[in-house]
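Enquirer:
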Amino acid sequence: MGTLQSSPAPAEYCDLSEKTGFSFEQIAVLHKRFKQLSHDEDVLRRDHFSEIPDLASNPIRAEITEAFFDQRNFSKNGKGKVEEIGFEEFLVVMSHFRPPSQHMTNEQRENVRKEKLRFLFNMHDTDNDGTITLEEYRHVVEELLSRSGALEIETAKSIADAAMLEVASISVGHMEPDEFYEGITFDHFLKLLAGFEIDSKMSIRFLNMDTITLCK
Amino acid sequence: MFSRMAPHSRTGFARSVPELGLLLLTILVLLEGSVLRLGAASSPATQSHGAADCPKPVETHHNKTKKAFPVLSFEYDHVKMPFEISLWVLLASLMKLGFHLIPRLSNIVPESCLLIVVGLLVGCLIKLAREDVPPVLDSQFFFLCLLPPIILDAGYFLPIRPFMENLGTILMFAVVGTLWNAFFVGGLLFALCQIPQAGLDIGLLPCLLFGSIISAVDPVAVLAVFEEIHINELLHILVFGESLLNDAVTLVLYNLFEEFSEVGSVTVLDGILGVISFFIVALGGVLFGAIYGFLAAFTSRFTSHTRVIEPLFVFVYSYMAYLSAEMFHLSGIMALIACGAVTRPYIEANISHKSHTTIKYFLKMWSSVSETLIFIFLGVATVEGPHRWNWIFVTATVILCLVARVIGVGGLTYVINKFRIVKLTTKDQFIIAYGGLRGAIAFSLGFLLNKSFEMREIFLTAIITVIFFTVFVQGMTIKPLVELLAVKKKQEAKRSINEEIHTQFLDHLLTGIEDICGHYGHHHWKDKLNRFNKKYVKKFLIAGERSKEPQLIAFYHKMEMKQAIQLVESGGGSKLPSAMPSTVSMQNIQPKHQPAPPKPTERALPQLPKSREEEIRKILRTNLQRTRQRLHSYNRHTLVADPDENAFKDLILKKQKMIELDRKIKEMTMYLTVPAPHQGSPTMSRARLASGRNTDFIPAQQQKGNKKSSDPQAYNIKPASDAMPIIQVDLASPQSPDSVNLLDEIGKADRGEEQGLIMKPPPGLSGSDQHGEKEKDDWRDQQKLMRCLSDPGPGAEEDEDEPFLP
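First to last, the protein sequences are chains A and B. Just so we're aligned, residue 123 is where the first sequence starts under this note's numbering, counting upward by one. Just so we're aligned, residue 44 is where the second sequence starts under this note's numbering, counting upward by one.
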């Protein structure tokens, strides 16, 4: 297809493909989109994301945008945020949403699950301390409800409280009245969403990428 | 089966409940037979009576013979129709009862098989009793009365989210799969008929007609069998959805081939018209259903003053949708499904809790009775129906059906898996293929064939054989096969608030990512639909403030209501039923050094509109009253002490309970609405309620009551028991007349009862030393009361957990 003209050499694609698991066509299409979003620059910045009109009506757009600039999502040991990202980081973040391939061993499947849950966890844990505190969770619920119009903070609080209580009950079980539950660690998070089938739910079909609308 | 049906040959005493059940069954079957014989006998009598009537008036002029006034007479004819129908329904229901009394049998054999056998027996009886054939499985009756309740039940409680997620797969199986089955079976049967040794002479079109009748997977049979094997949701919705959606295909094929088998040939034009007709039938049915669904939802917006007839609207609108679709020869089944599925989210937001329960129970009841009747009638019709047995044809049909199904499923899955995220494994394919049961719809379609159609009898015989084969062989063996293949079963996990939060979060996240990719995928359109729904449709169809309620909040309120009801029904005697027993409570979560938030001078926002609050209070109150009434009746049976004294005690009890109710309800609604300042935060007070310790609701003045006073009315509750929470009661405070104690009711009632159960003179109630020995009795009685209070209902509670819209 015509996309291969304005693209990096196929050798780079090999590396990217190996790293992220996308196929060559998918990488090419995503690269095209990258160029479109960044107005032909080499890096993406936050303001580029805010230009996407459909994203404006999304209640969690801030978190989504941040997720792209979060170094924890680029590699296992990353920390902190960056101001701009290149195509490689863009692809790495996107690779979290790849559908699971059919022929995977159980171990690979488990790894994929952990990766996706890690991504979600990082989105919730905004202050990077490794736990999701009650405040952060409340913030999540508030964002989800923010599109409803009346900002019902109190109800959001009680929902978050109830949810937190549930996590604590599942993960820790027995606590003395004066103990304090710090927050949801990654292990608790895994346990919480054990039955959630995240690998199939958190996937985007990157199949029909030729139908990209180019008018934005 | 006969040997088991003669227990009364022994002593005549039913020794145990199963035998009693069997006895009941036998009696009823005999009754049925004898009544029908009586009916047959009396109808000629009344006929002769009618004939004799004409000359009579002439005679009476001449000789006015005074005959005695008939004190007791018997006239069967004018109640014949409703009487027989009621008798059938009664028989069906008693059968159902009977099967559940014999647990071993119902584990091995699915209910549908047993019902067919019963039908066979009844059919034999009827045949012996009467000369003429009763029109038992009238196709008219089947399609207009027996089928709609089942389909409506399925449609109303259809799990929308998995259905929509798998819609592509389901449609492929329903449309392409059925077409493949029909042509494969029809074509190969025709090829078979060409062989001269077969002795069959059936044209191509009749063969194809037969193929189209026999190829459709039947929703009734699938429901009946799959309900008992508790398979995982994906497989269930695939097979079930297929059985529902293939109705359009079946209809079109059936009409097409029936129309033209008379003529003898089908042209290409007819084929094209058939395809167009398919789209019209399918989409038209859905459209009709959707229109009626919206009408029903709109009507329910105004029913806040006439709650009693709310369920009626659901039923009547849906039935009208079905009938309207049938009027135009569109797919009535799809109309029903569409109506139920479309109307549910809006209606549930509008109607009262009781109406919701009513709808659920009625639908389950009607569909259950219908299903039972259908299977019994199948059995009866087997005995009655005109049969022409042809070994080759029948065996060929059975084998071809199986083969066609396997090949069809395999081939389609290969294609479908290319487009699915969650691929279908071989195990899944096997279950889907094996679950393709045929049932009464096929039989009724065959029955509908023109009587002059020469092949009708052969077809009917073959259809019945296939039905029997699938229901008996496949139905009975699917359960052990599921166990053997270790197919994933249905997860019984309760829907938790965390999962709900994350489902929503993921929805938005995926939509966002799709927007970033610029890819208009599923999530994008789903999101657009949701927004449209929220902005326009909900405002139009849902009354009042609930139209603005976001889904998460609606879910949360639903859960809280459920937990409140559970708390009430368990009498507060045990901890809140939660998934895991834990001692974690709110104080573990709130950080200690949080500054006390400023006390709100008034309620911040009325989260829970007044009407809902009222509703919750009413529910709590009525549940408590019900509890109390049950306890009362329990009391009356066991009273042995002086009735006057106990009545007095009851009065005291009542008074004491009244106080607590108001306080508890206030606490309850408080925790459902605005959380009070930190200390009294809702979940925290609930947690404290559950744990039973450090109950802060012992107001200061009641501490005095702790001492053993001579006041017989001060109940000193025994300390720190995990079975019952500790509540102190003060009689002095005023109370409202219609309030009932929330907690510790069982405890108090236990104690009140025990005075009656244990035959000693009613001791002073303040004696706490007696509590020790009564612990055992407490527990036993509490268990009995739990049984009183439990009401398992028609089915799993999971359909209540469904969100309004995916």
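Idealized CB from N, CA, C, for every residue including glycine.
Helix, strand or coil: how does DSSP classify B:GLU816 here?
Expert: Numbered from 1 along the second sequence, position 773 holds the residue referred to as residue 816 of chain B. Residue confidence for B:GLU816 is low, a pLDDT of 43 falling below 50, so the modelled location carries little weight; the figure read from the coordinates is stated next. The three-state secondary structure of B:GLU816, taken from DSSP, is helix.
Enquirer: What is the rounded straight-line gap between the Cα of B:LEU682 and the Cα of B:ASN573?
Expert: Walking along the second sequence from the start, residue 682 of chain B turns up at place 639. Walking along the second sequence from the start, residue 573 of chain B turns up at place 530. With a pLDDT of 41 at B:LEU682, under the threshold of 50, the modelled position of that residue is not reliable, and no figure is offered here.
Enquirer: Of all the residues that make up the segment 536-568 of chain B, which are near chain A by a beta-carbon distance shorter than 7 Å?
Expert: ALA536, SER539, ILE540, ASN541, GLU542, ILE544, HIS545, GLN547, PHE548, LEU549, HIS551, LEU552, LEU553, THR554, GLY555, ILE556, GLU557, ASP558, ILE559, CYS560, GLY561, HIS562, TYR563 and GLY564
Enquirer: Taking the C-alpha atoms as reference points, what is the distance between B:SER320 and B:TYR297?
Expert: Taking the first residue of the second sequence as position 1, residue 320 of chain B is located at position 277. Taking the first residue of the second sequence as position 1, residue 297 of chain B is located at position 254. Rounded to the nearest whole angstrom, the C-alpha separation of B:SER320 and B:TYR297 is 12 Å.
Enquirer: Residues in the segment 180-191 of chain A with C-beta within 7 Å of chain B's C-beta atoms, listed in sequence order?
Expert: ASN180, PRO181, ILE182, ARG183 and ILE186
Enquirer: DSSP beta-bridge partners for B:ILE274?
Expert: Sequence index remark: in the second sequence, residue 274 of chain B carries index 231 (1-based). Beta-bridge pairing links B:ILE274 to B:LYS532.
Enquirer: Following the continuous alpha helix (DSSP H) through A:ALA178, name the residue where it begins and the one where it ends.
Expert: Counted from its first residue, the first sequence places residue 178 of chain A at position 56. Neither: A:ALA178 is in no alpha helix (DSSP H) and is coded neither H nor E.
Enquirer: Kindly indicate if chain B contains any beta-carbon less than 8 Å away from that of A:MET324.
Expert: Against the first sequence, residue 324 of chain A aligns to sequence position 202. Taking Cβ atoms only, chain B reaches closer than 8 Å to A:MET324, which makes this a yes.
Enquirer: Quick check on this structure: which residue in A:TYR135, A:ILE207 and A:SER172 has the alpha carbon closest to the alpha carbon of A:GLN108?
Expert: This structure cannot settle anything about residue 108 of chain A, because the visible part of chain A is limited to 123 through 338.
Enquirer: Determine, using beta carbons only, whether A:ASP169 comes closer than 8 Å to chain B.
Expert: Along the first sequence, one-based indexing puts residue 169 of chain A at 47. False, the Cβ-Cβ gap to chain B never drops below 8 Å.
Enquirer: Roughly how many angstroms separate the alpha carbons of B:HIS567 and A:ILE186, rounded to a whole number?
Expert: Within the second sequence, numbered from 1, the residue matching residue 567 of chain B stands at position 524. Within the first sequence, numbered from 1, the residue matching residue 186 of chain A stands at position 64. Taking C-alpha positions only, B:HIS567 is separated from A:ILE186 by approximately 15 Å.
Enquirer: Just by C-beta distance, which residues in the segment 133-165 of chain A are closer than 8 Å to chain B?
Expert: LEU152, ARG155, GLN158 and LEU159
Enquirer: Taking Cβ to Cβ, would you say B:LEU480 is nearer than 8 Å to B:SER182?
Expert: For the purposes of this step, residue 480 of chain B is taken as residue 437 along the second sequence, with counting starting at 1. For the purposes of this step, residue 182 of chain B is taken as residue 139 along the second sequence, with counting starting at 1. Contact annotation: B:LEU480 and B:SER182 have beta-carbon atoms that are not nearer than 8 Å.
Enquirer: Does B:ILE280 have its Cβ less than 8 Å from a Cβ in chain A?
Expert: Numbered from 1 along the second sequence, position 237 holds the residue referred to as residue 280 of chain B. Output row for B:ILE280: interface = no.
Enquirer: Rounding to the nearest angstrom, what Cα-Cα distance links B:ALA339 and B:ILE596 in this structure?
Expert: Locating residue 339 of chain B in the second sequence gives position 296, where the first residue counts as 1. Locating residue 596 of chain B in the second sequence gives position 553, where the first residue counts as 1. Their Cα atoms are separated by approximately 25 Å.
Enquirer: Between which residues of its own chain and A:ILE281 is the CB-CB distance below 6 Å, once the five residues before and five after are set aside?
Expert: Locating residue 281 of chain A in the first sequence gives position 159, counting from the first residue. Hits under 6 Å: VAL263.
Enquirer: I'd like to know if the segment 270-279 of chain B and the segment 525-536 of chain B are in contact, where contact means that at least 3 CB-CB pairs between them fall below 8 Å.
Expert: yes
Enquirer: Residues of chain A with a CB under 9 Å from the CB of B:LEU214: which are they?
Expert: As a first step, residue 214 of chain B must be located in the second sequence, where it is residue number 171. Chain A residues near B:LEU214: none, gap ~18 Å exceeds 9 Å.
Enquirer: Between B:TYR477 and B:LEU524, how many whole angstroms is the CB-CB distance? I'm expecting something under 8 Å.
Expert: In the second sequence, counting from the first residue as 1, residue 477 of chain B sits at position 434. In the second sequence, counting from the first residue as 1, residue 524 of chain B sits at position 481. Indeed, because the Cβ distance is near 7 Å, the residues count as touching under 8 Å.
Enquirer: If you draw a straight line from the alpha carbon of B:ILE702 to that of A:ILE320, how long is it in whole angstroms?
Expert: Within the second sequence, the letter at position 659 stands for residue 702 of chain B. Within the first sequence, the letter at position 198 stands for residue 320 of chain A. When rounded, the distance between both Cα atoms is 49 Å.
Enquirer: Taking 8 Å as the cut-off, does the segment 487-503 of chain B touch the segment 253-263 of chain B (at least 3 CB pairs, one atom from each stretch)?
Expert: yes
Enquirer: Which residues, taken in chain order from the segment 419-452 of chain B, show a beta carbon closer than 7 Å to some beta carbon of chain A?
Expert: none
Enquirer: Taking C-beta pairs closer than 8 Å, name the residues in chain A that B:LEU595 reaches, listed in chain order.
Expert: Sequence index remark: in the second sequence, residue 595 of chain B carries index 552 (1-based). By Cβ distance, chain A contributes VAL263, LEU266, LEU267 and ILE281.
Enquirer: Consult DSSP for A:LEU166 and reduce its assignment to one of helix, strand or coil.
Expert: Counted from its first residue, the first sequence places residue 166 of chain A at position 44. Strand at A:LEU166.
Enquirer: So which of B:ILE238, B:VAL357 and B:GLU302 has the shortest CA-CA distance to B:HIS399?
Expert: Position 356 of the second sequence, counted from the first residue, corresponds to residue 399 of chain B. That would be B:VAL357, whose Cα lies nearest to the Cα of B:HIS399.
Enquirer: Which complete alpha helix (DSSP H) runs does the segment 417-479 of chain B hold, if anything under 4 residues is left out?
Expert: Runs found: 434-459 and 469-477.
Enquirer: According to DSSP, simplified to helix, strand and coil, what is A:ILE207?
Expert: As a working note, residue 207 of chain A is residue 85 in the first sequence. Three-state DSSP puts A:ILE207 in a strand.
Enquirer: By how many angstroms is the C-alpha of A:HIS153 removed from the C-alpha of B:GLY332?
Expert: Sequence index remark: in the second sequence, residue 332 of chain B carries index 289 (1-based). Sequence index remark: in the first sequence, residue 153 of chain A carries index 31 (1-based). Cα to Cα, the separation comes out at about 46 Å.
Enquirer: Which of the residues in the segment 457-486 of chain B, read from start to end, lie with their CB under 7 Å from any CB of chain A?
Expert: So the list reads ILE464, VAL465 and LYS466, given in the order they occur along the chain.
Enquirer: Along the chain, where does the alpha helix (DSSP H) that runs through A:GLU276 open and close?
Expert: Position 154 of the first sequence, counted from the first residue, corresponds to residue 276 of chain A. Under the DSSP assignment, A:GLU276 falls in the alpha helix (DSSP H) whose first and last residues are 275-293.
Enquirer: Name, please, each residue of chain A whose Cβ falls closer than 8 Å to the Cβ of B:TYR599.
Expert: The residue given as residue 599 of chain B occupies position 556 in the second sequence. Going along chain A in sequence order, the residues near B:TYR599 (Cβ under 8 Å) are THR277, SER280, ILE281 and ALA284.
Enquirer: Excluding the five sequence neighbours on either side, which residues of its own chain have a C-beta within less than 8 Å of the C-beta of B:ILE435, listed in chain order?
Expert: Along the second sequence, one-based indexing puts residue 435 of chain B at 392. If we look at B:ILE435 and ignore the five residues flanking it on each side, its Cβ neighbours are LEU235, ALA241, GLY242 and LEU243.
Enquirer: Grab the span of the alpha helix (DSSP H) containing A:ASP321 for me, first residue to last.
Expert: The sequence position of residue 321 of chain A within the first sequence is 199, counting from 1. Per DSSP, A:ASP321 belongs to the alpha helix (DSSP H) from 320-323.
Enquirer: Give the residues of chain A in contact with B:GLN534, contact being defined as C-beta atoms less than 7 Å apart.
Expert: Taking the second sequence and counting its residues from 1, the one referred to as residue 534 of chain B is at position 491. Residues of chain A passing the Cβ test: GLY317.
Enquirer: How about B:GLU285 and B:VAL260: do their beta carbons lie closer than 8 Å?
Expert: Indexing the second sequence from 1 puts residue 285 of chain B at position 242. Indexing the second sequence from 1 puts residue 260 of chain B at position 217. Yes.
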